[in-house]
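Respectively, the protein sequence lines represent chains W and R.
As numbered in the numbering used here, residues 6 to 362 make up the first sequence, in order.
As numbered in the numbering used here, residues 6 to 362 make up the second sequence, in order.
Idealized CB from N, CA, C, for every residue including glycine.
2 protein chains.
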Amino acid sequence: MSDTTNESQTFSAESYFATQSQPPSLAADIQGVHEFIQRQRQANRCVVLVTSGGTTVPLELNVVRFLDNFSAGTRGATSAEYFLKAGYAVIFMHRQFSLQPFSRHYSHTTNPFLNFLEVDASLPSSSTIDSAYPYSHDPAPMAPTPQITVTLAERARLLSVLRAYKAVHEQETLHMLSFVTVNEYLWLLRAVSREMSVLGRKAMYYLAAAVSDFFLPQQRLSEHKIQSGKGSLSIEMDQVPKILKPLVSEWNPEGFIVSFKLETDETLLVPKAQQALERYGHQVVIGNDLHHRKYRVVLISPAAQEDAAKQSNGVLPKYDKFWIEINPNQPSSHPKEIEEDIINELIKRHKTWIESA
Amino acid sequence: MSDTTNESQTFSAESYFATQSQPPSLAADIQGVHEFIQRQRQANRCVVLVTSGGTTVPLELNVVRFLDNFSAGTRGATSAEYFLKAGYAVIFMHRQFSLQPFSRHYSHTTNPFLNFLEVDASLPSSSTIDSAYPYSHDPAPMAPTPQITVTLAERARLLSVLRAYKAVHEQETLHMLSFVTVNEYLWLLRAVSREMSVLGRKAMYYLAAAVSDFFLPQQRLSEHKIQSGKGSLSIEMDQVPKILKPLVSEWNPEGFIVSFKLETDETLLVPKAQQALERYGHQVVIGNDLHHRKYRVVLISPAAQEDAAKQSNGVLPKYDKFWIEINPNQPSSHPKEIEEDIINELIKRHKTWIESA
Chain W
6 MSDTTNESQT FSAESYFATQ SQPPSLAADI QGVHEFIQRQ RQANRCVVLV
56 TSGGTTVPLE LNVVRFLDNF SAGTRGATSA EYFLKAGYAV IFMHRQFSLQ
106 PFSRHYSHTT NPFLNFLEVD ASLPSSSTID SAYPYSHDPA PMAPTPQITV
156 TLAERARLLS VLRAYKAVHE QETLHMLSFV TVNEYLWLLR AVSREMSVLG
206 RKAMYYLAAA VSDFFLPQQR LSEHKIQSGK GSLSIEMDQV PKILKPLVSE
256 WNPEGFIVSF KLETDETLLV PKAQQALERY GHQVVIGNDL HHRKYRVVLI
306 SPAAQEDAAK QSNGVLPKYD KFWIEINPNQ PSSHPKEIEE DIINELIKRH
356 KTWIESA
Chain R
6 MSDTTNESQT FSAESYFATQ SQPPSLAADI QGVHEFIQRQ RQANRCVVLV
56 TSGGTTVPLE LNVVRFLDNF SAGTRGATSA EYFLKAGYAV IFMHRQFSLQ
106 PFSRHYSHTT NPFLNFLEVD ASLPSSSTID SAYPYSHDPA PMAPTPQITV
156 TLAERARLLS VLRAYKAVHE QETLHMLSFV TVNEYLWLLR AVSREMSVLG
206 RKAMYYLAAA VSDFFLPQQR LSEHKIQSGK GSLSIEMDQV PKILKPLVSE
256 WNPEGFIVSF KLETDETLLV PKAQQALERY GHQVVIGNDL HHRKYRVVLI
306 SPAAQEDAAK QSNGVLPKYD KFWIEINPNQ PSSHPKEIEE DIINELIKRH
356 KTWIESA
């Protein structure tokens, strides 16, 4: 797949959008976002864009093989619920088939919903009805379908999920958008950000999706399935442009922007997060390490002037570190979720950001 | 990641298993399979191994990025249901989080189950109970949790899914096994096949998983997340060994083996399927093309002697082609699924295979 006449190049955000095709569904998707944002403005709500799940990089035009980033979408789906609970309107921009708010509690693998449904025996089943009318020549009356109910053990938990789900649907404060490829992700992010700019400081970005750092420009994609049997496979990929840069400086300079850094080497966490903040100049980087991310994260943000002045040694810290930690041993019935504390802290900071306008 | 001192090589099945580590959960998984097969033998049932979903190829030891093959697992999950309906016991060896029999009807994305649950208003809710006891100084009696029921519109369909699901659980004819990486898939396939060999001709293999053709040997994996910022990414991958060869010739020579060929170029379908049959000498290759796979497939098998003799032109066909096709325009309420016809045809052939022993 590598081609000497078509070598790898470096893409800026500008050259990326100038050379890579816009997804066909973009216009319709953005129309929906536009209307959603209008309604939230009228209701005077803050709006947060939550991105969630991994992106794929197709290696073939007819996608069979692709490069993927690991993410079930737990962070994004869980966080979206806490934003909704706090009164935010949420645009949930997620990888297709990744976890979603509310339904995430009932994964087909770990907690399949069919397990706690039962056929209600107190209502006559169709066969009982049929045998009750054996001598009639009239057609048997339509047998009522037996009711299906939820087992007592699961009822209380499901009820609280279901009520929150139905309330959100009634208030229309959750808007779903999905992507698969990194190209769809980038085009959507740009268009949604531009739409959100009318919200000024009331717009928050919570960029939890695991976005690929590398991609294969469509100009170098193989049309059909790469045939095996020709020995080893060699892939040369280009860097995905750093999209936070235009997001912060052009698409929505007033937005409160939270990005994520995932590392597998915990010693890289803080320096990498500080580097990102330095490079893009946004509000918060949440650093998390693959193995402890469910109970420990660090929020890195530019140091407040007053805090800096308090430092007695005269060396002004450039960045604040704020660790959020919960007990890793949570009861399985009512586990505390770290996202609850993360969202509470962010909402507090977002409020300050809005007031300091 | 490419390394001149550690160049790509060609793996046979033998050298693969000699150099790539066995997954830690293998022994426990196989113990479960062993007991399942014992029970099915006592019940004199045929057992089919259904593999389903895509495999991943990790690019890092701490998996963040990986190469993936496209597959939601629809073919495997749907087929497993029809095998169960026909009285087969099913070992469902699937990619973690891919679709599963029965719950597949209620995808969180296309048909979320929370949409058809409702809180039953005929039972008093807890708040009504609380206000009914405002003057009592005794603690209010435990408020009963309201019942949750299924909407009338969805009830009939869910009832048939739920009854089939519960029947299968009662009869214990479905055994679940999951994998993520291509390495886990290969080790499981070998071990399960060896366990199934005690079933002789009553064992069927329905290998619908989308298995990667390429992998990165663990000896060349990067320990931590590959850092971007160093320009483009270059990956050199080796070929996955052709696992059908030892499956047919060593692990279970008596098994009835059905493999799949997926192509994006329909003209390659029949020649590729014939080539596979010629190379491995098993019973059936199902050829399907990415865009029409939901309503058209072709079964390629060695030509029967009697059919061959009937040919008047004297040239004996080496392979039979058997197309299965359904109308692509199916009603959304009760769509006909092509897997029903595929499984019926295979079960007929499996019966002949058993009788011809």
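Rounded straight-line distance, which links the Cα of residue j to that of residue i
i, j, result
"E283 of chain W", "S30 of chain W", "35 Å"
"Q116 of chain R", "H110 of chain R", "Rather than Gln, the amino acid found at residue 116 of chain R in this sequence is Asn. Their Cα atoms are separated by approximately 7 Å."
"P63 of chain W", "P246 of chain W", "17 Å"
"K207 of chain W", "Q244 of chain R", "52 Å"
"Y324 of chain W", "E175 of chain W", "41 Å"
"A214 of chain W", "T186 of chain W", "12 Å"
"H99 of chain W", "A48 of chain R", "46 Å"
"E123 of chain W", "A172 of chain R", "12 Å"
"A374 of chain W", "P251 of chain R", "A question about residue 374 of chain W goes unanswered here, because the residues of chain W that appear run from 6 up to 362."
"V69 of chain W", "F219 of chain W", "18 Å"
"V95 of chain W", "I262 of chain W", "14 Å"
"E350 of chain W", "A91 of chain W", "12 Å"
"S20 of chain W", "H287 of chain W", "23 Å"
"A33 of chain R", "E177 of chain W", "47 Å"
"Y93 of chain W", "T357 of chain W", "16 Å"
"F368 of chain W", "Q335 of chain W", "Residue 368 of chain W cannot be examined here, being either before or after the span of chain W that is shown, 6 to 362."
"P276 of chain W", "L295 of chain W", "16 Å"
"M6 of chain R", "S84 of chain R", "A caution first: M6 of chain R carries a pLDDT of 34, below 50, which makes its placement in the model unreliable, though a value can still be read off. Spanning the two alpha carbons is a distance of roughly 40 Å."
"S337 of chain W", "S337 of chain R", "39 Å"
"Y170 of chain R", "E345 of chain R", "17 Å"
"V52 of chain W", "F22 of chain R", "53 Å"
Where residue i falls, given that 16 or more other Cβ within 10 Å makes a residue buried
i, result
"H339 of chain W", "exposed"
"H113 of chain R", "buried"
"T56 of chain W", "buried"
"N74 of chain W", "buried"
"E40 of chain W", "exposed"
"F97 of chain W", "buried"
"A18 of chain W", "buried"
"R80 of chain R", "buried"
"H297 of chain R", "exposed"
"R195 of chain R", "buried"
Spatial neighbours of residue i in its chain, beta-carbon cut-off 7 Å, leaving aside the 5 residues before and after
i, result
"A281 of chain R", "S264, K266 and V290"
"V302 of chain W", "I291, G292, N293, I329, I343 and I347"
"Q25 of chain R", "N188, P222 and Q223"
"L249 of chain R", "S264, Y285 and H287"
"A362 of chain W", "R206"
Contact set for residue i: own chain, Cβ-Cβ below 6 Å, skip 5 residues either direction
i, result
"V38 of chain R", "V197 and E200"
"V166 of chain R", "F107 and H110"
"E86 of chain W", "P106"
"I42 of chain W", "E200"
"G205 of chain W", "E259"
"A278 of chain W", "K266, V290, G292 and I305"
"S254 of chain W", "none"
"S202 of chain W", "N257"
"E271 of chain R", "D294"
"L274 of chain R", "E268, G292 and D294"
"R46 of chain R", "none"
"R160 of chain W", "none"
"G61 of chain W", "In the sequence as presented, Gly is not what sits at residue 61 of chain W; that position holds Thr. Here the set comprises F71, D73, V185 and T186."
Expected contact under 8 Å - CB spacing of residue i and residue j to nearest Å
i, j, result
"L119 of chain W", "F107 of chain R", "6 Å"
"P151 of chain R", "L164 of chain W", "7 Å"
"L54 of chain R", "Y211 of chain R", "7 Å"
"E65 of chain W", "S227 of chain W", "5 Å"
"T154 of chain R", "T154 of chain W", "6 Å"
"S237 of chain R", "E241 of chain W", "6 Å"
"L89 of chain W", "L179 of chain W", "6 Å"
"W192 of chain R", "Q27 of chain R", "6 Å"
Chain-order list of residues whose beta-carbon lies under 8 Å from that of residue i (same chain, five-residue window excluded)
i, result
"N332 of chain R", "Y300 and K341"
"A158 of chain W", "F121"
"A77 of chain R", "G58, S103 and L104"
"T15 of chain R", "D243 and Q244"
Any non-hydrogen atom of the ligand MG within 7 Å of residue i CB
i, result
"R46 of chain W", "Summarising the ligand content, the structure contains no ligands, and the ligand MG is consequently not present."
Subject >> In chain order, each alpha helix (DSSP H) run of at least 4 residues that lies wholly inside the stretch 31-73 of chain W >> reply: Entirely contained in the stretch 31-73 of chain W, the alpha helix (DSSP H) runs reaching 4 residues are, in chain order, 31-47.
Original post:
Quick one: complete beta strand (DSSP E) runs, 3+ long, within the stretch 182-255 of chain W?
Top reply: You should have 208-212 and 238-244.
Subject >> In chain order, each alpha helix (DSSP H) run of at least 4 residues that lies wholly inside the stretch 257-337 of chain R >> reply: Within the stretch 257-337 of chain R, the complete alpha helix (DSSP H) runs of at least 4 residues are 274-285 and 310-315.
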